[in-house]
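In this note's numbering, the protein residues as written are 1 to 650.
Glycine included, each C-beta is placed from N, C-alpha and C at the ideal position.
Data first, discussion second: the structure below is written as structure tokens.
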Amino acid sequence: MGTSEVVLQVLSGAAPRLLSSDIGSGFLDSTFSSRFLLKCTKKRASRYKQLFKCSNIVQNHIGVSRYMGLCSDSFGYNEVNKVQRLICKCQKAESLSGTIAADGNGTWFVDNAKTLNLNGVTKKPNILEFENVQQFEQENKGLASNGSVGTVRDTTSKTSVDSIEDEAWDLLRDSMVYYCGSPIGTIAANDPTSSNVLNYDQVFIRDFIPSGIAFLLKGEYDIVRNFILHTLQLQSWEKTMDCHSPGQGLMPASFKVRTVPLDGDDCATEEVLDPDFGEAAIGRVAPVDSGLWWIILLRAYGKCSGDLSVQERIDVQTGIKMILRLCLADGFDMFPTLLVTDGPCMIDRRMGIHGHPLEIQALFYSALLSAREMLAPEDGSADLIRALNNRLVALSFHIREYYWIDMRKLNEIYRYKTEEYSYDAVNKFNIYPDQIPPWLVEWMPNKGGYLIGNLQPAHMDFRFFSLGNLWSVVSSLATTDQSHAILDLIETKWSDLVADMPLKICYPALEGQEWQIITGSDPKNTPWSYHNGGSWPTLLWQLTVACIKMNRPEIAAKAVQVAEKRIARDKWPEYYDTKRARFIGKQSRLFQTWSIAGYLVAKLLLADPSAAKILITEEDSELVNAFSCMISANPRRKRGRKNPNKTYIV
Ligand code: GLC
Numbered sequence: 001m002g003t004s005e006v007v008l009q010v011l012s013g014a015a016p017r018l019l020s021s022d023i024g025s026g027f028l029d030s031t032f033s034s035r036f037l038l039k040c041t042k043k044r045a046s047r048y049k050q051l052f053k054c055s056n057i058v059q060n061h062i063g064v065s066r067y068m069g070l071c072s073d074s075f076g077y078n079e080v081n082k083v084q085r086l087i088c089k090c091q092k093a094e095s096l097s098g099t100i101a102a103d104g105n106g107t108w109f110v111d112n113a114k115t116l117n118l119n120g121v122t123k124k125p126n127i128l129e130f131e132n133v134q135q136f137e138q139e140n141k142g143l144a145s146n147g148s149v150g151t152v153r154d155t156t157s158k159t160s161v162d163s164i165e166d167e168a169w170d171l172l173r174d175s176m177v178y179y180c181g182s183p184i185g186t187i188a189a190n191d192p193t194s195s196n197v198l199n200y201d202q203v204f205i206r207d208f209i210p211s212g213i214a215f216l217l218k219g220e221y222d223i224v225r226n227f228i229l230h231t232l233q234l235q236s237w238e239k240t241m242d243c244h245s246p247g248q249g250l251m252p253a254s255f256k257v258r259t260v261p262l263d264g265d266d267c268a269t270e271e272v273l274d275p276d277f278g279e280a281a282i283g284r285v286a287p288v289d290s291g292l293w294w295i296i297l298l299r300a301y302g303k304c305s306g307d308l309s310v311q312e313r314i315d316v317q318t319g320i321k322m323i324l325r326l327c328l329a330d331g332f333d334m335f336p337t338l339l340v341t342d343g344p345c346m347i348d349r350r351m352g353i354h355g356h357p358l359e360i361q362a363l364f365y366s367a368l369l370s371a372r373e374m375l376a377p378e379d380g381s382a383d384l385i386r387a388l389n390n391r392l393v394a395l396s397f398h399i400r401e402y403y404w405i406d407m408r409k410l411n412e413i414y415r416y417k418t419e420e421y422s423y424d425a426v427n428k429f430n431i432y433p434d435q436i437p438p439w440l441v442e443w444m445p446n447k448g449g450y451l452i453g454n455l456q457p458a459h460m461d462f463r464f465f466s467l468g469n470l471w472s473v474v475s476s477l478a479t480t481d482q483s484h485a486i487l488d489l490i491e492t493k494w495s496d497l498v499a500d501m502p503l504k505i506c507y508p509a510l511e512g513q514e515w516q517i518i519t520g521s522d523p524k525n526t527p528w529s530y531h532n533g534g535s536w537p538t539l540l541w542q543l544t545v546a547c548i549k550m551n552r553p554e555i556a557a558k559a560v561q562v563a564e565k566r567i568a569r570d571k572w573p574e575y576y577d578t579k580r581a582r583f584i585g586k587q588s589r590l591f592q593t594w595s596i597a598g599y600l601v602a603k604l605l606l607a608d609p610s611a612a613k614i615l616i617t618e619e620d621s622e623l624v625n626a627f628s629c630m631i632s633a634n635p636r637r638k639r640g641r642k643n644p645n646k647t648y649i650v
């Protein structure tokens with residue numbers, strides 16, 4: 001589809017948006033039209049910004065974010081936190097009564113002593129887990145309490161675990177951000193010890209996903225609905241960096257609720273939403289993952305709440321299409337994978353992942369499948385749906401064939417011939433065998449395998465990236481065999497990937513000259529720290545979904561036990577450092593919301609594994625069909641044979 005066609009379709013597809021939206025519909029008209037009629041100048045854009053607002057005549061009852069924003073200079077943080085707690089507690093009492101159902105299944109620790117019932121399959125707990133429980137109990141007996149963490153310690157592990165969960169829920173609620181009196185997201189970190197807030201006081205799209213899932217699983221749907229609809233409005237924001245605008249459909253990395261004086265009225269203030277699409281972010285990188293996560297959360301919202309009216313709204317349908325059109329737009333690529341710059345996702349600074357990083361491909365695949373489920377059939381979208389279907393098949397083929405690595409494949413690469421100019425080359429990307437890094441020769445287990453981090457001409461990034469691999473399992477981008485092999489690898493390499501705190505963001509770390517060249521000598525990304533082989537507790541929830549999908553929840557349960565030994569005591573850090581994750585990260589925030597929410601989602605899903613279906617996408621038979629046609633048409637297997645029954649044009 002040509003660009004002009006895309007623009008035209010966006011224009012016509014978006015028009016009904018004027019009629020919709022029950023959130024602030026009064027300002028949608030002018031914002032919408034401003035977006036397409038003209039490129040706004042900075043001045044004009046900031047004038048429109050005022051339209052995304054809600055005026056309040058000194059709304060002192062509003063919320064956490066306003067107190068943070070306005071009071072942090074004059075109050076000590078503790079005072080602020082007290083105020084927040086008070087507010088949140090009141091709100092909790094008012095709005096949540098009746099929704100905080102008792103956890104019928106109890107905690108994993110309790111169930112662990114019995115058996116785990118998963119989708120009708122009863123699993124015996126692993127003997128190791130009992131040892132861990134006992135060790136955990138022993139260690140906890142000796143623990144000094146740290147303020148709010150388990151002030152009354154019981155000798156039973158259940159009480160300890162319950163108090164960790166209770167604390168996590170309190171902290172998660174304290175992190176809620178309000179806009180015009182309604183919750184719309186959670187702040188990235190609420191760390192009273194950090195003097196340099198940077199942008200951790202904002203609502204990040206990717207960080208909110210585990211928060212949103214935790215709220216959905218608790219039956220608290222409003223915050224997720226509000227988040228989805230408000231971020232949708234931000235999607236249309238006109239943003240530029242040095243006179244250049246990113247593509248329409250881009251979702252921001254984060255946003256902040258600002259309280260500003262109301263024009264011409266000294267006593268009144270108003271709240272405005274201020275998004276950051278990367279034009280203010282360190283490194284100025286556009287977040288490719290935001291829109292993909294937004295689609296995934298939208299589907300989860302519908303599945304969990306049963307409220308399909310949100311995804312059926314015309315403005316929401318238009319939002320989905322805008323994201324898809326941005327991702328599916330024609331470019332120079334020979335590959336079906338999305339080509340992105342460095343740092344377009346959770347790893348949001350230079351780490352050598354530019355090109356076709358696995359994490360983005362897995363989220364892309366998941367978002368394509370989710371969108372296909374939600375898009376209303378209509379004549380105007382036929383081309384888009386065709387493009388989407390074609391991309392799904394090509395993408396899964398490409399990743400499964402070319403990103404997969406195990407002992408057998410490694411040996412194949414080791415013996416590759418190079419410089420093959422032909423249509424039926426085996427070594428299509430001209431990979432020189434000398435690229436196989438020495439660590440991998442030792443590290444690759446006989447049983448298990450994984451999807452590599454990136455594939456480019458003459459370059460394979462052999463690092464193991466956790467999120468990309470886990471989400472490939474969750475979304476069925478990996479085959480069933482590959483998915484099991486990924487979990488096998490995590491089990492075999494437990495001491496490298498989980499060690500003292502789950503889960504390594506990637507393995508191994510870049511060191512020495514490689515670190516200098518690839519990260520640009522980034523002092524935050526030193527070896528085994530932060531994105532460079534640091535350990536991130538938030539990844540627990542993605543691990544849990546993947547394990548549940550493959551009917552192996554005991555792996556995730558074991559990782560949760562490891563985290564529970566110290567995560568609350570350490571004040572919920574953003575990440576851990578060192579090879580075995582022994583230290584709290586050098587520059588790690590404390591009370592990082594997605595560490596808290598990630599833990600809660602893992603617990604909730606282990607207690608009710610069937611709930612994971614809101615995130616999982618199963619491979620459908622049409623895709624399998626088309627995929628096998630592609631395999632048989634692959635020149636490497638048999639050149640030139642075309643299957644006449646092929647479902648999709650690839
Ligand atoms: C860091 C992380 C990023 C996260 C943000 C807010 O920049 O790298 O993934 O979204 O903090 O927590």
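Excluding residues up to 5 positions away in sequence, R580, A581 lie with their Cβ nearer than 6 Å to the Cβ of A499 in the same chain. The C-alpha of K303 is placed about 29 Å away from the C-alpha of Q561.
For Q561, the enclosing alpha helix (DSSP H) begins and ends at 553 to 564. Annotation for A188 indicates a beta carbon within 7 Å of some heavy atom of ligand 1. Around the beta carbon of V224, a 10 Å sphere encloses 16 or more other beta carbons of the protein chains shown; the residue is thus reported as buried.
By the C-beta density criterion, M407 is exposed, having fewer than 16 other C-beta atoms within 10 angstroms.
For D348, the shortest C-beta to heavy atom distance toward ligand 1 is below 7 Å. The Cβ atoms of R386 and P336 do not sit closer than 8 Å to each other. Around the beta carbon of M334, a 10 Å sphere encloses fewer than 16 other beta carbons of the protein chains shown; the residue is thus reported as exposed. Using a cutoff of 7 Å, the CB of D207 counts as near ligand 1, since one of the ligand's heavy atoms is closer than that. Assigned with DSSP and collapsed to three states, Q317 falls in helix. L171 places its beta carbon less than 8 Å from that of W572.
For K571, the secondary structure class from DSSP, reduced to helix, strand or coil, is coil.
In the DSSP annotation of this structure, the continuous segment of the alpha helix (DSSP H) that includes K303 starts and ends at 288 to 305. Within the same chain, and ignoring the five residues on either side of K256 in sequence, the residues whose Cβ sits closer than 6 Å to its Cβ are Q202, D274. When S621, I314, W494, W443 are compared, the shortest CA-CA separation from T479 is found for S621.
For F335, the Cβ stays outside the 7 Å cut-off from all heavy atoms of ligand 1.
Note that the C-beta distance between T538 and G468 is not below 8 Å. Note on geometry: alpha-carbon atoms of G520 and G585 lie some 20 Å from one another. Beyond the five residues adjoining it in sequence on each side, N427 comes within less than 7 Å, by CB distance, of Y416, K417, T418, E420 in the same chain, given in chain order. P508 and R463 do touch by the CB rule: their CB atoms are close to 7 Å apart, below 8 Å. Uninterrupted beta strand (DSSP E) stretches at least 3 residues long and entirely within the stretch 214 to 244 do not occur.
Taking the Cβ atoms as the reference, L363 lies roughly 7 Å from W293, within the contact range of under 8 Å. Note on K603: 16 or more other CB atoms within 10 angstroms of its CB, so buried under the neighbour-count rule. For M176, the enclosing beta strand (DSSP E) stretches over residues 176 to 179.
Remark: the C-beta of Y200 is in contact range of ligand 1, defined as less than 7 Å to any heavy atom.
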